[in-house]
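A.B. asks: Structure provided below as structure tokens; questions to follow.
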Amino acid sequence: MSNAAARLPLPPGPGPLASLRAYGRNPAVYFQKLFAEYGPVVRWRGYMDMYLLNNPDDVRTVLTQAWPRYTKRNIDYRVLRQTMGEGLVTSDGEFWARQRRLMQPMFHARVVNGFDAAINRATADLAARWRTRPADEAFALDREMSRLTFRIVGETLFGAGIEEYAEAVASLLDETNVNPKTLSALLTLWPWLPVPGNRRFKRHLQLLDDIVYGLIARRRASGEQREDLLGLLLAARDEHEQPMPDRQIRDEAITLLLAGHETSATALDWTFHLLGQHPDVEANLLHELQQVLRGAPATAADLARLPFLKQVVQESMRLYPPVWGLSRRAEQDAEFGGYRIPKDAYVVVLPYTLHRHPDWWEAPERFDPARFSPARSEGRHSYAYIPFSAGPRACIGIGMSMLEVQLVLAQLLPQFEVRTVPGHPVVPQPSVTYRPRFGVRATASVRA
Ligand code: HEM
Numbered sequence: 002m003s004n005a006a007a008r009l010p011l012p013p014g015p016g017p018l019a020s021l022r023a024y025g026r027n028p029a030v031y032f033q034k035l036f037a038e039y040g041p042v043v044r045w046r047g048y049m050d051m052y053l054l055n056n057p058d059d060v061r062t063v064l065t066q067a068w069p070r071y072t073k074r075n076i077d078y079r080v081l082r083q084t085m086g087e088g089l090v091t092s093d094g095e096f097w098a099r100q101r102r103l104m105q106p107m108f109h110a111r112v113v114n115g116f117d118a119a120i121n122r123a124t125a126d127l128a129a130r131w132r133t134r135p136a137d138e139a140f141a142l143d144r145e146m147s148r149l150t151f152r153i154v155g156e157t158l159f160g161a162g163i164e165e166y167a168e169a170v171a172s173l174l175d176e177t178n179v180n181p182k183t184l185s186a187l188l189t190l191w192p193w194l195p196v197p198g199n200r201r202f203k204r205h206l207q208l209l210d211d212i213v214y215g216l217i218a219r220r221r222a223s224g225e226q227r228e229d230l231l232g233l234l235l236a237a238r239d240e241h242e243q244p245m246p247d248r249q250i251r252d253e254a255i256t257l258l259l260a261g262h263e264t265s266a267t268a269l270d271w272t273f274h275l276l277g278q279h280p281d282v283e284a285n286l287l288h289e290l291q292q293v294l295r296g297a298p299a300t301a302a303d304l305a306r307l308p309f310l311k312q313v314v315q316e317s318m319r320l321y322p323p324v325w326g327l328s329r330r331a332e333q334d335a336e337f338g339g340y341r342i343p344k345d346a347y348v349v350v351l352p353y354t355l356h357r358h359p360d361w362w363e364a365p366e367r368f369d370p371a372r373f374s375p376a377r378s379e380g381r382h383s384y385a386y387i388p389f390s391a392g393p394r395a396c397i398g399i400g401m402s403m404l405e406v407q408l409v410l411a412q413l414l415p416q417f418e419v420r421t422v423p424g425h426p427v428v429p430q431p432s433v434t435y436r437p438r439f440g441v442r443a444t445a446s447v448r449a
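The following block contains the structure:
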């Protein structure tokens with residue numbers, strides 16, 4: 002492959018430094034325009050050279066041939082490593098494979114489905130708070146969803162109440178912005194640089210460390226042998242019967258806390274927003290929930306009887322994939338669509354643009370959950386829809402987040418009419434997650 006590929010032309014694309022402003026406004030939307038103009042393999046020479054792929058077959062090639070061909074050895078993961086260390090999201094190769102095998106059992110459906118009671122309890126507490134609030138009082142829905150999903154990850158995986166830290170962690174994500182594409186995030190690669198962003202970053206990181214090392218110390222001191230993720234990490238032994246170093250337990254724990262809450266919270270934000278904008282879809286969903294649940298919260302087992310609920314969540318994540326783009330490093334020359342992707346290239350695949358690909362989605366901009374019905378899904382390329390990525394490096398939390406998002410909606414929607422405050426712009430900001438730039442100001446009035 003590499004010799005043949007060496008003779009091929011590089012992919013088409015705009016001239017150097019073209020449209021930095023359009024990129025800055027919204028890279029996902031900008032890249033979608035590039036694909037429409039140049040086809041499914043594009044080279045964008047912006048502030049760095051990027052090779053963008055939008056053909057589902059090509060995307061499959063990149064995502065299934067992970068290590069050693071398409072690795073995470075690039076600037077994005079270097080920045081993420083400043084926070085997550087060598088956890089499951091950022092590590093690669095043999096080391097990653099061993100850690101993944103070790104943690105996989107915690108994410109089996111059998112285990113995850115048992116989280117339904119904890120998810121429902123956390124949601125019921127939120128609902129009780131919402132009931133005490135005047136119907137017309139606006140609040141930050143995004144913050145509340147973030148708090149809720151943080152509590153859920155903390156309780157289910159670490160058996161600990163960590164909700165009190167949710168605000169601090171949200172600030173870490175807001176202020177230091179682990180978005181690798183921002184200057185402040187890039188500067189964290191040189192932590193000794195005395196810029197205010199770095200000082201804030203260190204402070205927040207220290208706090209995260211305190212939370213996690215505190216959890217580890219408390220569990221050890223209690224002598225308790227719980228079968229949650231923390232228990233699993235603490236009990237793990239390598240081939241020399243050595244326990245996992247605390248630093249590695251910290252990296253895995255912080256990775257799961259961060260990867261496992263902002264993503265689900267973003268999915269919930271957009272779903273509430275979309276339902277508020279589409280009362281006909283909301284009415285259909287409420288009808289299904291009422292028929293099946295009759296006012297009770299859903300259990301994991303109930304979800305099989307709530308097909309429209311799942312379709313609503315799938316469609317929301319199609320239009321607003323919480324992880325909108327993924328990058329890799331090509332470790333050798335490769336060919337895509339007759340073009341050369343050179344060794345060491347920064348390769349990008351974009352759930353956002355695949356999910357709006359006109360070849361695979363009819364009227365892609367329309368919010369139409371029924372497009373995920375079995376009949377209408379037939380024949381769709383499996384890589385045209387990848388909110389959780391795919392292949393060996395796919396999200397380990399798919400089952401958990403689908404359960405969580407559906408149960409939260411199933412409990413809150415029948416009780417509250419959630420509406421975005423008129424005049425408050427709900428527009429995306431493609432950071433690491435595709436979250437609403439100004440948050441979501443909303444009201445929640447109790448349904449009669
Ligand atoms: C709606 C919710 C979620 C979405 C959309 C989502 C999406 C993703 C995506 C796209 C990746 C691939 C990232 C990459 O290639 O770098 C990923 C990886 C990962 N996710 Fe999620 N995720 C969600 C929820 C969760 C939850 C609840 C957890 C755990 C509690 C979790 C833990 C992880 C981990 C550990 C990885 C790295 C997997 C590996 O490489 O082995 N995620 N997720």
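Residue numbers 2 to 449, in the numbering used here, belong to the letters of the sequence shown in order. No residue lacks a Cβ here, since even glycine has one placed at the ideal position from N, Cα and C.
With the cut-off set at 8 Å, would you say R144 and G440 are in Cβ contact?
C.D. replies: In contact: R144 and G440 (Cβ atoms closer than 8 Å).
A.B. asks: Which partner residues does P431 have in the DSSP bridge list?
C.D. replies: The partner list for P431 (beta bridge, DSSP) reads Y435.
A.B. asks: How is the alpha helix (DSSP H) around S92 delimited, first residue to last?
C.D. replies: Here S92 belongs to no alpha helix (DSSP H), and DSSP marks it neither H nor E.
A.B. asks: Could you give the first and the last residue of the continuous beta strand (DSSP E) run that contains F417?
C.D. replies: Taken as a continuous stretch (DSSP letters only), the beta strand (DSSP E) holding F417 covers F417 to T421.
A.B. asks: Between R238, L258 and Y39, which lies nearest to G162 when the distance is taken from Cα to Cα?
C.D. replies: Of R238, L258 and Y39, the residue nearest in Cα terms is L258.
A.B. asks: Could you check if P197 is buried or exposed, using at least 16 other CB atoms within 10 Å of its CB as the buried criterion?
C.D. replies: Counting Cβ neighbours within 10 Å, P197 comes out exposed, since fewer than 16 surround it.
A.B. asks: Flag P323 as yes if its beta-carbon sits less than 8 Å from any beta-carbon of chain D, otherwise no.
C.D. replies: In summary, chain D is missing from the structure at hand, where a single protein chain is found.
A.B. asks: Helix, strand or coil: which one does DSSP assign to T133?
C.D. replies: Correct three-state label for T133: coil.
A.B. asks: Can you find a heavy atom of the ligand HEM that lies under 7 Å from the Cβ of V406?
C.D. replies: Yes, Cβ of V406 sits closer than 7 Å to a heavy atom of the ligand HEM.
A.B. asks: What separation, rounded to the nearest whole angstrom, lies between the Cα atoms of N75 and F368?
C.D. replies: C-alpha separation (whole angstroms): 35 Å.
A.B. asks: Can you check whether the CB of T272 is closer than 8 Å to the CB of P323?
C.D. replies: No. Outside cutoff.
A.B. asks: Name the one or two DSSP bridge partners that D369 has.
C.D. replies: In the DSSP output, where bridge partners are listed per residue, D369 has none listed.
A.B. asks: What residues sit near the ligand HEM, counting only those whose C-beta is closer than 5 Å to one of its heavy atoms, in chain order?
C.D. replies: Result: L89, V90, R101, L257, A260, G261, T264, S265, A268, P323, V324, L327, P388, F389, S390, R394, C396, I397, G398, M401 and S402.
A.B. asks: Between which two residues does the beta strand (DSSP E) containing I342 stretch?
C.D. replies: Counting along the chain, the beta strand (DSSP E) containing I342 begins and ends at Y340 to I342.
A.B. asks: So, with DSSP's three-state summary, where would you put R329?
C.D. replies: DSSP places R329 in strand when its eight states are reduced to three.
A.B. asks: Would Y347 pass as a contact of M49 if the rule is Cβ separation under 8 Å?
C.D. replies: Yes, the Cβ-Cβ distance between Y347 and M49 is below 8 Å.
A.B. asks: Pull up the distance between the alpha-carbon of R221 and that of G155, whole angstroms please.
C.D. replies: Spanning the two alpha carbons is a distance of roughly 17 Å.
A.B. asks: So L158 and G392 are supposed to be a Cβ contact under 8 Å. How far apart are they, rounded?
C.D. replies: So it is not a contact: roughly 24 Å between Cβ atoms.
A.B. asks: According to DSSP, what are the bridge partners of V80?
C.D. replies: For V80, which the question treats as bridged, DSSP gives no partner whatsoever.
A.B. asks: Output the boundary residues of the beta strand (DSSP E) element that contains T444.
C.D. replies: R442 to V447 is the span of the beta strand (DSSP E), which, as asked, contains T444.
A.B. asks: Quick check for students: name the residue ranges of the beta strand (DSSP E) that lie wholly in the segment 256-302, counting only runs of 3 or more.
C.D. replies: If we require 3 residues or more, the segment 256-302 turns out to have no beta strand (DSSP E) run fully inside it.
A.B. asks: Please go through the same chain and pick out, in chain order, the residues whose beta-carbon is closer than 8 Å to the beta-carbon of A218, but skip the five residues on each side of it.
C.D. replies: Same-chain partners within the cutoff: there are none.
A.B. asks: Give a yes or no on contact between the segment 279-288 and the segment 305-323, applying the rule of three or more CB pairs nearer than 8 Å.
C.D. replies: A contact exists between the segment 279-288 and the segment 305-323.
A.B. asks: Using the three-state DSSP reduction, which class does G352 fall into: helix, strand or coil?
C.D. replies: One detail in the question is off: residue 352 reads as Pro in this sequence, not Gly. Here P352 sits in helix by DSSP.
A.B. asks: What are the uninterrupted segments assigned as alpha helix (DSSP H) that are 4 or more residues long and contained completely in the segment 137-177, given in chain order?
C.D. replies: Runs of the alpha helix (DSSP H) inside the segment 137-177: 142-159 and 167-172.
A.B. asks: Please tell me whether I250 and L235 are closer than 8 Å, where the distance is taken between their beta carbons.
C.D. replies: Cβ distance < 8 Å, so I250 and L235 count as in contact.
A.B. asks: Please check the pair R448 and V422, which I expect to be a contact at CB under 8 Å, by giving their CB distance rounded to whole angstroms.
C.D. replies: No, R448 and V422 are not in contact; Cβ-Cβ is about 18 Å, not under 8 Å.
A.B. asks: Quick check on this structure: which residue in V112, F32 and R148 has the alpha carbon closest to the alpha carbon of Q45?
C.D. replies: For the record, residue 45 in the displayed sequence is Trp; it is not Gln. Nearest of V112, F32 and R148 to W45, Cα basis: F32.
A.B. asks: Looking at the secondary structure, which residues open and close the alpha helix (DSSP H) in which I39 lies?
C.D. replies: Before going further, note that residue 39 is Tyr rather than Ile in the sequence given. Start and end: P28 to Y39.
A.B. asks: What's the gap between the Cα of G277 and the Cα of F417?
C.D. replies: The straight-line gap from Cα to Cα measures roughly 11 Å.
A.B. asks: Indicate the three-state DSSP secondary structure (helix, strand or coil) for E316 in the structure shown.
C.D. replies: E316 falls in the helix class under three-state DSSP.
A.B. asks: When DSSP labels each residue in this structure, what does Y71 get in the three-state scheme?
C.D. replies: Y71: strand per DSSP, three-state reduction.
A.B. asks: What residues in its chain sit with their C-beta under 7 Å from that of H279, if we drop five residues either side in the sequence?
C.D. replies: Closer than 7 Å at Cβ, skipping near neighbours: F368.
A.B. asks: For I387 versus L355, is the C-beta spacing smaller than 8 Å?
C.D. replies: Yes, these two residues count as a Cβ contact at 8 Å.
A.B. asks: List the residues that DSSP assigns as beta-bridge partners of R238.
C.D. replies: Paired residues: P244.
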